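The structure under discussion appears below in the form of structure tokens.
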Amino acid sequence: MLCLNSYNRSMADNPKSTENPGSHLSAATTRNRAALIRSAQQVLAEIGPEATVEQFVAHAQVSPTTIYNHFGSKEAMFSQALAQIFREWLVWAHNGVPADESLDVMIDVCRKLFRIQQTHPLLGEIVGKTINNPRFVIDAVMADSLPALEAIARLGQLNNAEFDKRTRLFAYCVAGILHGVHATHELSPADADVSLEIALAIWNLSPEAARAVTSRDLNSGPTD
């Protein structure tokens, strides 16, 4: 999430690369794990990451032991649930275009996040409930997010100095924008685009360049 997406040429060429790394498990275990992930996504959308084990097991109709057997902890389960639905959304958002193609592509995808209530309501609800804890969201997606951003920086389209600090600061800025759109609803998607334009100064983009990249026509693609 947070514009730091990792949909790359490998994913474009091989859609199976987005599958859960646990796909080597038995069919029954894989099905059970997938069911737990779906339940975790629903609980995230309804309650958020602060949901208790008791609330989750009541929703999923499983024992607490099941969570620990599959994920080790409730926190790991929720983090993987968010990462998976975000990864699936990335495939849709890119529509086959790699994230490291250009800065324009990366920012287009970021702006689509501001509009997910219309295209992907479940993800929109999850973001609305989880973004109150920006560290949870950022940590859940950061491992998948850095490669494309690093590639774009290497292309010279972003300032590469103090890269790690800029990345973390930009991530929290985007999290704040998402909070305004999906949690407090004080920002419209158009307002969010303007806020993103301002945040791009973190990467030393000129106001003119930031305005150009955040005002492109979006091809939203098919809705769910």
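Residue numbers (my numbering): 1 to 224.
Every residue, glycine too, gets a C-beta built ideally from N, C-alpha and C.
These figures come from a predicted structure and were not determined experimentally.
Backbone CA spacing between residue i and residue j [nearest angstrom]
i       : j       : result
His-59  : Arg-38  : 11 Å
Val-213 : His-94  : 16 Å
Ser-73  : Val-174 : 28 Å
Gly-22  : Glu-208 : Bear in mind that the predicted position of Gly-22 carries a pLDDT of just 49, short of 50, making it unreliable; the figure below should be weighed with that in mind. Going by the C-alpha atoms only, they are around 45 Å apart.
Asp-144 : Leu-123 : 17 Å
Ala-161 : His-182 : 32 Å
Ala-27  : Leu-158 : 44 Å
Glu-50  : Glu-125 : 15 Å
Arg-211 : Asp-108 : 12 Å
Val-137 : Leu-113 : 13 Å
Ile-198 : Pro-64  : 45 Å
Pro-121 : Leu-187 : 17 Å
Ile-177 : Ala-34  : 31 Å
Member of the options whose CA lies at the smallest distance from the CA of residue i
i       : options                            : result
Thr-184 : His-120, Gly-96, Tyr-172, Thr-130  : Thr-130
Leu-44  : Ser-206, Leu-82, Leu-90, Leu-187   : Leu-82
Arg-115 : Pro-189, Val-91, Tyr-172, Tyr-68   : Pro-189
Gln-61  : Phe-136, Ala-40, Ala-76            : Ala-40
Phe-163 : Glu-186, Tyr-172, Glu-150, Lys-112 : Glu-150
Asp-104 : Trp-89, Leu-155, Leu-169, Leu-187  : Leu-155
Ala-227 : Arg-111, Arg-216, Pro-147, Gly-48  : Outside the modelled stretch of the chain, which goes from 1 to 224, sits residue 227, for which no answer is possible.
Ile-152 : Gln-84, Asn-133, Asp-100           : Asp-100
Gly-128 : Gly-180, Leu-196, Val-53, Ala-171  : Gly-180
Under the three-state DSSP convention, the category residue i falls into
i       : result
Gly-22  : In this predicted model, Gly-22 has a pLDDT of only 49, less than 50, meaning its place in the structure is not dependable enough to derive any value.
Thr-52  : coil
His-238 : Only positions 1 to 224 of the chain appear in this structure, which leaves residue 238 out of reach.
Leu-200 : helix
Gln-84  : helix
Asp-104 : helix
Gly-96  : coil
Val-141 : helix
Gln-61  : coil
Ile-126 : helix
Ile-131 : coil
Leu-146 : helix
Ser-73  : coil
Asp-217 : coil
Ile-226 : Nothing about residue 226 can be reported from this structure: the residues present for the chain run from 1 to 224 only.
Phe-114 : coil
Ser-195 : helix
Leu-36  : helix
Ser-79  : helix
Leu-90  : helix
Residue ranges of each alpha helix (DSSP H) within the region 152-181, 4 or longer: 163-178
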